[in-house]
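Q:
Number of protein chains: 2
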Amino acid sequence: METTNAGELTPAAMAERTGVSIDTLRYYEREGLIQEVSRASGGHRRYSEDDVLWIEVLRCLRETGMTIDQLRRYAQLGAQGNHTEPERVRMLTEHRSLVVQQILDREVAVRLIDHKLSFYADATDTVGPLDAGQTERVTS
Amino acid sequence: METTNAGELTPAAMAERTGVSIDTLRYYEREGLIQEVSRASGGHRRYSEDDVLWIEVLRCLRETGMTIDQLRRYAQLGAQGNHTEPERVRMLTEHRSLVVQQILDREVAVRLIDHKLSFYADATDTVGPLDAGQTERVTS
DNA sequence: TAACTACCTGGAGCGCACTCCAGGTCAAGG
DNA sequence: CCTTGACCTGGAGTGCGCTCCAGGTAGTTA
């Protein structure tokens, strides 16, 4: 096996660590979400521990609905230096309120599901035809 | 204008009420998510108040990640009568735990964003070059 | 030396959830 | 009667985020 320095991860190891597939890692790099991944002899990628942290940030933002476009912008701002901090803060603040809203929406969803479940629990098997359709009453 | 009975909604009115576009309403119907929408003369759809409630349930489940395939299955179970209740309960219960997990994930995301924001707040404008990149330290 | 394995690149393909379009119908208003 | 506008249908198109593939290279193992 090709020698691997301490703290350096092969693509396979990186995929294992982060749960992001090798293809997706390359895709992120192509799209400008990850900069300058170092290379071993033969051109093989070697990811650092910092790369791991960065991927975890990307995934966290991505999984909460930030688009690839926005992630690219955020990454490029980071690469451009300190003067871009206000814009990065703006992006994070905006995304934060989006995520907070997602939480609120999902809390509503859980309550709706619970309501429907309690409806089914009450019904046991003595329900009439009114309950058979798509629209047993939802509004409490 | 074509006569509209009380409590009946034209496609345009339905879109307005539910925030779901006319095209998407038709798409849902084609896909079997909505059954037997009534028609006015000339074949124009007329949605009922029950349809409104059902669409709101669909959107609630859809927006929390239930796929069209699963929604179709859920809708068809509803149309098949009471004996499908156990399966519907199973689907809702499973989806519920997915949504709960989404909430937990998003709470983690908010904390991560707050951490990064507090990092920026501390930095004011006296930061060194170490902070410029993609990977200012994230782990507390 | 030959085979094997992990990785490389550029580019095509895919699944999902819509979204749009062409061409047509039909009731109401002028 | 003619125009207008909301709606109809079947089917094609779109954008996003991956995911896969062909053909090639470079170290390691037998």
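So the sequence lines, in the order shown, correspond to chains Y and G. Heads up: the first sequence begins at 0 in numbering that gives the first Met the number 0, then just goes up one per residue. Heads up: the second sequence begins at 0 in numbering that gives the first Met the number 0, then just goes up one per residue. We put the beta carbon where it would ideally sit given N, CA and C, even for glycine.
1) Determine, for valine 109 of chain Y, whether the minimum Cβ-Cβ distance to residues of chain G falls below 7 angstroms.
2) Can isoleucine 67 of chain G and valine 19 of chain G be called in contact, C-beta distance under 7 angstroms?
3) Mind listing, in chain order, the continuous alpha helix (DSSP H) runs of no fewer than 4 residues lying wholly within the segment 8-94 of chain Y?
4) Would you call threonine 3 of chain G buried or exposed, if buried means 16 or more other Cβ atoms sit within 10 Å of its Cβ?
5) Do the segment 18-37 of chain G and the segment 71-78 of chain G make contact, defined as three or more Cβ pairs closer than 8 angstroms?
6) Alpha carbon to alpha carbon, how far is arginine 25 of chain Y from leucine 97 of chain Y?
7) By how many angstroms is the C-alpha of tyrosine 119 of chain G removed from the C-alpha of proline 128 of chain G?
8) Please state the DSSP three-state secondary structure of alanine 5 of chain Y.
9) Please determine, among Y/Gln100, Y/Thr92, Y/Ala5, the residue with the shortest C-alpha to C-alpha distance to arginine 105 of chain G.
10) Quick one: does the C-beta of glycine 77 of chain G sit closer than 6 angstroms to a heavy atom of the ligand NAP?
11) Return no unless some Cβ of chain G is closer than 7 angstroms to the Cβ of isoleucine 140 of chain Y.
12) So which residues on chain G does valine 19 of chain Y lean against when the C-beta distance must stay under 9 angstroms?
13) Count the other CB atoms within 10 Å of the CB of glycine 64 of chain Y; is the residue buried (16 or more) or exposed (fewer)?
14) With the cut-off set at 7 angstroms, would you say lysine 115 of chain G and leucine 57 of chain Y are in Cβ contact?
15) Can at least three beta-carbon pairs, one atom from the segment 42-53 of chain G and one from the segment 6-18 of chain G, be found at a separation below 8 angstroms?
A: Concretely, from the data shown:
1) yes
2) no
3) 10-17, 21-29, 48-62, 67-78
4) exposed
5) yes
6) 28 angstroms
7) Since pLDDT at proline 128 of chain G reaches only 37, below the 50 mark, its modelled position is unreliable, and the value read off the structure follows with that caveat. Each residue's Cα considered, the two are about 14 angstroms apart.
8) coil
9) Y/Gln100
10) As for the ligand NAP, it is missing from this structure, which has no ligand bound.
11) Any answer about residue 140 of chain Y is impossible in this case: the structure gives chain Y only from 0 up to 139.
12) Neighbours of valine 19 of chain Y on chain G: none; closest Cβ ~15 angstroms, over 9 angstroms.
13) exposed
14) no
15) yes
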